[in-house]
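Read the structure below first, then the notes.
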Amino acid sequence: MSRQIPIGHRLRRHRKDHGLTQMALADAVGISPSYLNLIEHNRRAIGGSLLVRLAEALGLEPGTLSGSEEGRLLSDLGEMTADPVFEETPLDPQEFSAAVANTPALVKALMALYRAYRSSLDEVDMLSERLSHDPFLADASHSVLTRITAIRTVAEIFHSYDDLQPEKRAHFNQTLMRESERLAESATDIFNFLERGAAGRRAINPAEEVDDLLYDHNNYFPELEARAEELRSAVDPDGGLFLTDLILHLEAQHDVRVERLSSGNLPSRGYHWDAQQRVLQFSRALPITSSRFLAARLICRLEAAEEIEGLVQSARLTSDPARERAREALVSYAAAALLFPYDAFREAALELRHDIEMLQQRFAASWEQVCHRLTTLRHPGREGIPFHFLRTDIAGNISKRFSASGLQLPRYSGACPRWAVHEAYLTPDRLVTQYVRLPDNTTYLFVARAVRRGGGGYWAPQAVHSVMIGCDTAFAKDIVYADGLPLANPEAAVPVGVGCRQCPRVDCMQRAYDQAEPSLEAEAT
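Take any residue in the sequence shown, count from 1 to its spot, add 53: that is its number in the working numbering.
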């Protein structure tokens, strides 16, 4: 499916709303009227400084013209229509752009309906697992079957013996009444138990809502960047921001006591914050980069609360779990902005050609922290490279996702098994670089690494995740990991898709789902 985003219709509508001709707008932004005409008919992509100039000329925010929301809808539509539920009613991907451009509200309503459908499927699966393994339901089911057997036995006695003595008939009547009452009680307990589970059911996954919040803001929050700039000079005017500086600030400004303990005395995540006692505890087994980030998170939780709460309350979040998850994500964003100053980090990334390990050394950061920060460099007019970011566990579950590169990232299913994010598990803690080609012939650079968390002893639990970052190969000259890859030969790129359900590569040996062979007519198209 083409990844072209229908920005032109939006630009044309806003231009006409302002009463501007194509010539007038083109002159205002320094391009030719013919080039603007191509843009308005979605035959030329725009971005960077041109996008900013167009937005300024129309009095709009750059995000209004960027098409990020349309891109997300196109991606979600592609994944939705690959679902087996649409197998009998195949849809033409070529029509998606027109649908998003002309009826965006209808497309959003359709996606909301599909999300509810997926949520219901997940609930059914969880309920099936619960019915199979929950000890309460197992005992209750056994009780129901026992009562039914007893009632049936008494009924058979009454049916077979008409000449029962009065005392025996009374005895069986009492048994029948007692077992009927117990059956009713057991059935009521089961229904109450299931209703309690249904009462907390959410139609939309909180993680998806937080993903939408990040996409809506293009993963850039100027309020938090500005607050982090203020905090940085207050925490350490010299700009070092060592762990000691952060701890001293917490002690002096917030009366917080920081304790480093054995990992066995803490939760598996390696830290604990007691807001009542004003005590932050973290494990001695945590690397210094993690301890430093935890201290920075607490500073931002305490001193950027107003900005964070304003963003949470203005977002389209429909549940308390989603709002709490959003708060945690924004606290982490603010902490990264505090530790890794926007302009200094962006300049260092360009200087080092986005060598993540060198950035780790310069900013005392972890691999994942650096990758995260690279995706947030979206200040209009001072953008970094548009990266995508993906984190999975060893089972392939996606726990974090964001894309500014144009690459579709799956929302409802697993990522393509050929992606480097999976291959990285074969060589833990070593980089995997990959040059890939999607079915629409767009090419990308992927860089992935499997990382471990935890530690502190032989029996201490550990978590393993793979973190992947990447970009369009158009930016290869600024990426050190592109060196040595055969970028001049598109045929040398690894053929990949987004996910098996929507991938047209029927000859792939790693397909997880079968797909009918395309017709010759479809191939020609």
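Yeah, the Cβ is synthetic: ideal placement off N, Cα and C, and Gly gets one too.
Taking 8 Å as the threshold (C-beta atoms), are residue j and residue i in contact?
i       : j       : result
Gly-467 : Gly-449 : yes
Ser-239 : Arg-200 : yes
Leu-484 : Val-474 : no
Tyr-478 : Ala-503 : yes
Gly-131 : Gln-487 : no
His-432 : Tyr-395 : yes
Ala-152 : Val-160 : yes
Met-164 : Leu-126 : yes
Gly-552 : Pro-492 : no
Arg-490 : Gln-563 : no
Leu-111 : His-71  : yes
Leu-540 : Ala-529 : yes
Val-309 : Arg-331 : yes
Leu-333 : Leu-351 : yes
Ile-243 : Phe-225 : no
Ala-77  : Ser-85  : no
Cys-524 : Pro-439 : yes
Arg-558 : Pro-548 : yes
Which residues does DSSP list as the beta-bridge partners of residue i?
i       : result
Trp-420 : Paired residues: none, contrary to the question.
Phe-455 : Phe-442
Ser-499 : What sits at residue 499 in the sequence shown is Phe, not Ser. Answer by DSSP bridge pairing, in chain order: Gln-487 and Gly-523.
Arg-400 : It is Glu, not Arg, that sits at residue 400 in the sequence shown. Beta-bridge pairing links Glu-400 to no other residue.
Ala-516 : Arg-506
Pro-548 : Arg-490
Arg-310 : Val-332
Asp-327 : Val-332
Could you work out which residue in the options is closest to residue i when comparing CA atoms only?
i       : options                               : result
Thr-342 : Phe-416, Glu-377 and Asp-396          : Phe-416
Ser-344 : Ala-368, Ile-361 and Asp-298          : Asp-298
Leu-430 : Ala-397, Met-411, Ser-452 and Ile-451 : Ala-397
Arg-406 : Val-549, Gly-437 and Glu-421          : Gly-437
Asn-258 : Ile-300, Pro-157 and Tyr-465          : Tyr-465
Leu-294 : Asp-482, Ala-349, Gln-414 and Ile-243 : Ala-349
Phe-149 : Glu-141, Ala-357 and Ala-135          : Ala-135
Arg-322 : Val-332, Tyr-214 and Ala-338          : Ala-338
Asp-446 : Asp-145, Ser-233 and Ala-516          : Ala-516
Thr-21  : Glu-404, His-62, Leu-89 and Ile-60    : No statement about residue 21 is possible, as the shown extent of the chain runs from 54 to 578 and does not include it.
Arg-222 : Gly-537, Arg-231, Glu-232 and Val-207 : Val-207
Ala-565 : Arg-506, Glu-544 and Cys-469          : Cys-469
Ile-522 : Arg-505, Leu-498 and Ala-545          : Leu-498
Leu-174 : Thr-156, Glu-209 and Val-138          : Val-138
Gly-507 : Asn-155, Asn-226, Cys-561 and Ser-316 : Ser-316
Leu-113 : Thr-142, Arg-376, His-67 and Leu-78   : His-67
Ala-545 : Asp-560, Thr-496 and Phe-274          : Thr-496
Ala-358 : Leu-370, Pro-340 and Ala-382          : Ala-382
Ala-375 : Glu-261, Glu-404, Pro-143 and Asn-245 : Glu-261
His-62  : Ile-84, Asn-155, Leu-78 and Asp-145   : Asn-155
Asp-460 : Asp-482, Pro-481 and Asn-494          : Residue identity check: residue 460 is Leu in the sequence provided, not Asp. Among Asp-482, Pro-481 and Asn-494, the Cα nearest to that of Leu-460 is on Asn-494.
Glu-400 : Arg-171, Ser-196, Asp-531 and Tyr-273 : Asp-531
Asp-408 : Pro-557, Asp-536 and Glu-362          : Asp-536
Could you round the C-beta distance between residue i and residue j to whole angstroms and report it? I think they count as a contact, below 8 Å.
i       : j       : result
Leu-266 : Tyr-386 : So it is not a contact: roughly 11 Å between Cβ atoms.
Ser-336 : Leu-303 : Not quite, the Cβ-Cβ distance comes to about 17 Å (not below 8 Å), so this is no contact.
Phe-346 : Leu-392 : 7 Å
Leu-355 : His-307 : 6 Å
Ala-379 : Val-263 : 5 Å
Ala-457 : Thr-428 : 7 Å
Val-520 : Arg-426 : About 13 Å separates the two Cβ atoms, so there is no contact after all.
Val-311 : Ile-300 : 5 Å
Leu-64  : Glu-93  : 6 Å
Ala-193 : Thr-228 : So it is not a contact: roughly 21 Å between Cβ atoms.
Arg-106 : Val-82  : 4 Å
Trp-420 : Gln-413 : 6 Å
Cys-424 : Val-384 : Cys-424 to Val-384, Cβ: 18 Å. No contact.
Do we get a CB-CB distance below 8 Å when we pair residue i with the residues of chain B?
i       : result
Ser-466 : No chain B appears in this structure, which consists of one protein chain only.
### Task
For the segment 344-415, list the alpha helix (DSSP H) runs that are entirely contained and at least 4 residues long, ordered along the chain.
358-367, 373-392 and 395-404
### Message
As an exercise, report each continuous beta strand (DSSP E) stretch of at least 3 residues that is fully enclosed by the segment 257-287, in chain order.
### Response
none
### Query
Hey, which unbroken runs of the alpha helix (DSSP H) at 4 residues or more fall wholly within the segment 134-213?
149-155, 157-186 and 188-213
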